[in-house]
Amino acid sequence: MSAVTHLPAASSAWLPTSPCVPDVCLRAQARRAGPLRRAARMAGAAAVLLAGLPIALALGRTARRGVATMLWSRLLLRALGVRIVTHRGFSFIGGSARVRAVPGEDGPALLVANHVSWLDPLVITATAACRPLAKAEVGRWPIIRTLAGRGGALFIDRDRLSALPGVVADMTAALRRGESVAAFPEGTTWCGREMGRFRPAVFQAALDAGVPVRPVALRFLEGAGAGRNAGRNTGAGRNTGAGRLTGERAALSTRPSYVGDDTLLASVLRIVATRDLVAEVTVFPAVRPVGPVALGGPVQRRQARTALARIAEAQVRTGLVTGLVEPGEQVVAA
């Protein structure tokens with residue numbers, strides 16, 4: 001991943017744009033799934049979606065919602081042919097006077113991740129019980145609207161900047177109730193080879209609720225070895241258990257990306273046509289602002305959320321580039 005030197009102009013403070021477009025960013029898959037496999041994946045995904053409706057309606061807003069959403073997300077990803085591998089990342093925030101790491105802290109947190117695909121909320125909820133922040137358009141998709149809403153998703157209308165304080169208030173309320181919330185502060189999707197800046201607005205919810213921020217790096221890999229062992233190295237390709245004997249490497253994949261004028265159907269068809277697709281999730285230690293920010297004035301609060309955004313972005317960006325993780329991996333959905 002190279003440094004981002006230019007970002008297109010945004011139409012508002014919360015409506016950034018990405019230079020990524022399908023014609024430029026999408027690469028051919030390393031291994032193409034056969035027609036029977038593709039058909040089976042589409043049928044399986046449709047079955048999981050339909051089966052989720054009565055379950056979502058029955059659970060409502062009960063305490064079991066988080067666990068049910070986690071299991072359902074894993075099933076849907078598995079049906080689509082996506083495998084999840086998680087890692088724990090190292091904390092490297094040295095030199096910050098406003099933010100400190102709290103690696104041993106559990107409990108509710110604001111999870112913040114880079115944004116590549118419509119799969120990202122599924123990947124996050126499959127690995128952690130949380131309420132994802134989704135764009136309002138998702139709430140207009142048939143079936144998905146009911147599943148996402150009943151599953152605890154919070155919605156943001158990116159075209160209405162005036163609605164942002166209400167969204168932050170909803171996030172704060174959820175965090176205060178002990179529910180973790182997942183957000184994508186870039187405000188738009190990138191293809192996975194680059195990432196954008198983290199916007200500070202959503203970090204205010206963590207400050208108001210008094211909970212830490214936990215950075216999460218998302219990356220998609222594919223290749224002969226990726227489906228068996230998503231091992232890591234520091235190069236563009238990834239050494240894998242299957243690849244050590246054959247010389248094959250798991251490579252960064254842009255196939256799941258959902259960018260530009262791409263359509264949901266086109267994205268789904270690409271995903272089910274890709275073999276050995278892995279969603280790699282790296283979870284970093286939580287961070288908190290230094291000092292009692294909640295008692296400070298507007299300037300202190302703005303500085304604190306900006307510092308949190310910059311530190312979280314640096315954690316994710318550096319993690320994607322270097323792959324600094326603790327030894328071992330956990331397969332969440334095989």
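Per full-length UniProt numbering: the sequence shown = residues 1 to 334.
Note that the Cβ used here is the ideal one computed from N, Cα and C, for glycine as well.
Problem - Assigned exposure category for D120 - 16 Cβ within 10 Å defines buried - result: buried
Practice task
Please check the pair L122 and S73, which I expect to be a contact at CB under 8 Å, by giving their CB distance rounded to whole angstroms.
Solution key: 5 Å
Problem - Rounded distance between the beta-carbons of M70 and A129, thought under 8 Å - result: 6 Å
Handout entry: Within the UniProt domain "Phospholipid/glycerol acyltransferase" (109-221), ranges of the beta strand (DSSP E) (whole runs, at least 3 residues)
Key = 110-113, 131-135, 154-156, 181-183
Problem - Rounded straight-line distance, which links the Cα of R199 to that of L15 - result: 10 Å
Practice task
Could you tell me the boundaries of the alpha helix (DSSP H) in which T69 lies?
Solution key: 65-80
Handout entry: Whole-Å CB distance - A309 paired with P289, under 8 Å assumed
Key = Actually they are not in contact, since the Cβ atoms of A309 and P289 sit about 11 Å apart, beyond 8 Å.
Exercise for the section: Inspect the CB distances between the stretch 82-91 and the stretch 267-281 and report whether three or more fall short of 8 Å. Expected result: yes
Problem - Per-residue DSSP class, three states only, for G260 - result: coil
Problem - Residue range of the alpha helix (DSSP H) that includes R37 - result: 35-59
Practice task
Select from A28, S117, G151, L252 the residue whose C-alpha is nearest the C-alpha of F184.
Solution key: S117
Practice task
Please name the residue or residues paired with A279 in a DSSP beta bridge.
Solution key: I84, F220
Practice task
Assuming G196 and P22 form a contact by the criterion Cβ under 8 Å, report the distance between their Cβ atoms to the nearest whole angstrom.
Solution key: 17 Å between Cβ atoms; not a contact.
Handout entry: For V24, the first and last residue of its enclosing alpha helix (DSSP H)
Key = 22-25
Exercise for the section: Keeping to the same chain, check which residues put their C-beta closer than 7 Å to that of T254; ignore five residues upstream and five downstream. Expected result: C25, L26, R27, C191, G192, R193
Handout entry: CB of T17 within 8 Å of CB of H115, strictly
Key = no
Practice task
Count the other C-beta atoms from every protein chain shown that fall within 10 angstroms of the C-beta of D106, then say buried if there are 16 or more, exposed otherwise.
Solution key: exposed
Exercise for the section: Closer than 7 Å by C-beta to T172: which residues in its own chain qualify, once you throw out the five before and the five after it? Chain order, please. Expected result: A205, D208, A209
Exercise for the section: Would you mind stating whether R140 and V181 have Cβ atoms separated by less than 8 Å? Expected result: no
Exercise for the section: State the DSSP-derived secondary structure class of L320, mapped to helix, strand or coil. Expected result: helix
Handout entry: R88 to G319 span [Cα, whole Å]
Key = 10 Å
Problem - Per-residue burial, C20 [other beta carbons within 10 Å of its own, 16 or more giving buried] - result: buried
Practice task
Determine which residues share a DSSP beta bridge with T306 and list them.
Solution key: According to DSSP, which records beta bridges pairwise, T306 is partnered with nothing at all.
Practice task
May I ask you to report which of helix, strand or coil DSSP gives L289?
Solution key: Residue identity differs from the one stated: residue 289 is Pro in this sequence, not Leu. Strand, per DSSP.
Problem - According to DSSP, residues forming a beta bridge with R31 - result: None; R31 has no bridge partner.
Exercise for the section: Return the chain-ordered list of same chain residues with a C-beta closer than 8 Å to the C-beta of R32, the five sequence neighbours on each side being excluded. Expected result: A273, T274, R275
Practice task
Indicate whether R41 and G151 have their beta-carbon atoms separated by less than 8 Å.
Solution key: no
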